[in-house]
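Down below is the structure, laid out as structure tokens.
In the working numbering, the protein residues as written are 550 to 785.
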């Protein structure tokens, strides 16, 4: 797990937590990354939906990134954590922009019911519910549970109908992959935050969102703390 004691500001904490999570997923697939000159990067292509490089400093320039990743096949991606790079000259297109979000620590809710962690035996079912049956089988491997990841799920209907990943690193809890089949994003965020408050009382929560999901997160107490942009290189 990558942690950084200097990750003090909400933005820095969100970025470092996300890099730690990306690295954990990549390590679970045998493609670990390395931090050098303000960039986390994997020299080998990373798992689907996960970036090949992530910037950790706003001082990174476009020339610092392409040489650190594998560009021999299509689909390489870069998470520009500060929305400050232009990678178009290297053949990348802007895929989407988003906002890092931060919710301050709360006192927790030890007695609250709701979403619960799933174990290794239900991880495949969690992934299938998250992907809606899409081809993502095996993306999340059980070793992630040993690395501190918590896969939260609503199983009140006898099946997994909603969930999220919570990952503790950089003194915050990073929430990602939030999904719901039977309710809207506001209800999902409320249940997710009740679970993180119960499991990690007094710890801030971070993540990133855009569009309607961002609006829902802001309604549930998050604040935007900085922009990010994801770049995709379609051609190898």
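Note that the Cβ used here is the ideal one computed from N, Cα and C, for glycine as well.
Assign residue 709 to one of two classes, buried (16 or more other C-beta atoms within 10 Å of its C-beta) or exposed (fewer than that).
Result: buried.
Taking just the CA atoms, how far does residue 639 sit from residue 703?
Residue 703 and residue 639: Cα-Cα distance of roughly 43 Å.
In chain order, what residues of the same chain have a beta carbon less than 6 Å from the beta carbon of residue 634, not counting five sequence neighbours either side?
611, listed in sequence order.
Please classify residue 645 as buried or exposed, where buried requires at least 16 other C-beta atoms within 10 Å of its C-beta.
The residue is exposed, with fewer than 16 neighbouring Cβ atoms inside 10 Å.
Please classify residue 768 as buried or exposed, where buried requires at least 16 other C-beta atoms within 10 Å of its C-beta.
Exposed, since its Cβ has fewer than 16 Cβ neighbours within 10 Å.
Mapping DSSP to helix, strand and coil, what is residue 560?
Helix at residue 560.
Taking residue 580 as the reference, give the member of 596, 665 and 677 with the closest Cα.
Residue 596 is the option with its Cα nearest to residue 580.
Keeping to the same chain, check which residues put their C-beta closer than 7 Å to that of residue 641; ignore five residues upstream and five downstream.
These residues qualify, in order along the chain: 627, 780, 781 and 782.
Which one or two residues does DSSP pair with residue 681 in a beta bridge?
In the DSSP output, where bridge partners are listed per residue, residue 681 has none listed.
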